[in-house]
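Mapping of the sequence shown onto the numbering used here: position 142 corresponds to residue 145, and the numbering continues sequentially without gaps.
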Amino acid sequence: MFDKILRLMHKERDSLVFQISQEAIELTALRQDEEAAKKLGDMCITETLYSKRVPISKPSGKKVLDELAEQLRKLADTAVSSHELIAKGFNLGRAKVVCVFVAPLSAKATVVYEATSQKPLKITTKLLENILTDERVVESDLQDAPNGYAMYAQEVSAIELNGYDTHKPLSRYAEVVRLSVEKYLIDPKLWSATGVVLESIFNRDLHYVHSDEVLDVSLSAFCNEIYTVGELQTITNDIL
Numbered sequence: 004m005f006d007k008i009l010r011l012m013h014k015e016r017d018s019l020v021f022q023i024s025q026e027a028i029e030l031t032a033l034r035q036d037e038e039a040a041k042k043l044g045d046m047c048i049t050e051t052l053y054s055k056r057v058p059i060s061k062p063s064g065k066k067v068l069d070e071l072a073e074q075l076r077k078l079a080d081t082a083v084s085s086h087e088l089i090a091k092g093f094n095l096g097r098a099k100v101v102c103v104f105v106a107p108l109s110a111k112a113t114v115v116y117e118a119t120s121q122k123p124l125k126i127t128t129k130l131l132e133n134i135l136t137d138e139r140v141v142e143s144d145l146q147d148a149p150n151g152y153a154m155y156a157q158e159v160s161a162i163e164l165n166g167y168d169t170h171k172p173l174s175r176y177a178e179v180v181r182l183s184v185e186k187y188l189i190d191p192k193l194w195s196a197t198g199v200v201l202e203s204i205f206n207r208d209l210h211y212v213h214s215d216e217v218l219d220v221s222l223s224a225f226c227n228e229i230y231t232v233g234e235l236q237t238i239t240n241d242i243l
């Protein structure tokens, strides 16, 4: 039994994924198996431990949003008390909780910040943070966002040094630094019926994902999205 607990803690990582679209709420419990990934030569592999889909009415109006919030609570409760997950040793206390909002419930806007210098600048998280603080915006499509939408999450999506995109900018040097930030937006009333509910239930930081279409969360691409921490994700965590 002790060996099994150690295996679950160190070799497998659990997550609960809520995907909210205009048609349904989907809940999937996933387990990342690092040993299986090594054997198959893949970056990220998950096993689906549990899945449930609840059809919903198009989220609009107070009554419908109240019903959505209640359905979300019930769905979360089924996962918390699921005998199926308990039997599989699902580690709820350590699990990552992910919420995917599918357009048009969620919108995305890109803001590009830039810093220039006559001599090379060393790229550090402090420099990148200062670029954001100074609001050196050179491009933005926030004006195209739906009226009344507010930001619920943001992440660094790209960094260009002297015109070249790089996923590992730290400690490099450049005269021109461009920082692209994706801002995810949602109707505040919908947010109160979804994100606020999940955060109150699980009492932890959630990982939010915007998607233009319903995702197959069992694929390696999504596994990489929620488990693989690259330098851009580290920068996001440090400066946003």
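The C-beta atom is built at its ideal place from N, Cα and C for all residues, glycine as well.
Would S214 and C47 qualify as a contact pair, given that the criterion is a beta-carbon distance under 7 angstroms? Mapped onto the sequence shown, residue 214 falls at position 211. Mapped onto the sequence shown, residue 47 falls at position 44. S214 places its beta carbon 7 angstroms or farther from that of C47.
Local Cβ density within 10 Å of G198, reported as buried at 16 or more and exposed below that: Along the sequence shown, read from residue 1 onward, the residue named residue 198 stands at position 195. The residue in question, G198, is buried, as its Cβ has 16 or more Cβ neighbours within 10 Å.
If you draw a straight line from the alpha carbon of V140 to that of C102, how long is it in whole angstroms? The residue labelled residue 140 in the question sits at position 137 within the sequence shown. The residue labelled residue 102 in the question sits at position 99 within the sequence shown. Each residue's Cα considered, the two are about 29 angstroms apart.
What residue range is occupied by the uninterrupted alpha helix (DSSP H) comprising Y230? For the purposes of this step, residue 230 is identified with residue 227 of the sequence shown, where counting begins at 1. Start and end: 223-230.
What does the Cβ neighbour count give for L43, buried or exposed, with the cut at 16 atoms within 10 Å? Within the sequence shown, the letter at position 40 stands for residue 43. Result: exposed.
Closest by C-alpha distance to R175, when choosing among P62, R34, V114, I126: On the sequence shown, residue 175 is found 172 positions in, with the first residue counted as 1. Looking only at P62, R34, V114, I126, the smallest Cα-Cα distance to R175 is reached by I126.
Once the 5 residues before and after T51 are set aside, which same chain residues still bring their CB inside 7 angstroms of it? Along the sequence shown, one-based indexing puts residue 51 at 48. Excluding residues within five positions, the ones whose Cβ falls inside 7 angstroms are T31, L33, S221.
Does DSSP classify F104 as helix, strand or coil? Residue mapping note: residue 104 aligns to position 101 of the sequence shown, counting from 1. Three-state DSSP puts F104 in a strand.
If you check the beta carbons only, do V180 and S143 fall under 7 angstroms apart? Your numbering for residue 180 matches position 177 in the sequence shown. Your numbering for residue 143 matches position 140 in the sequence shown. S143 sits away from V180, with the two beta carbons spaced by 7 angstroms or more.
Nearest neighbour of L131, chosen from E228, D17, E158 [CA to CA]: Here residue 131 refers to the residue found at position 128 of the sequence shown. Check the Cα spacing between L131 and each of E228, D17, E158: the tightest is with E158.
Closest to Q22 by CA distance: which of Y211, D241, L135, L188 is it? For this step, residue 22 is matched to residue 19 along the sequence shown. If we check each option's Cα against that of Q22, Y211 comes out closest.
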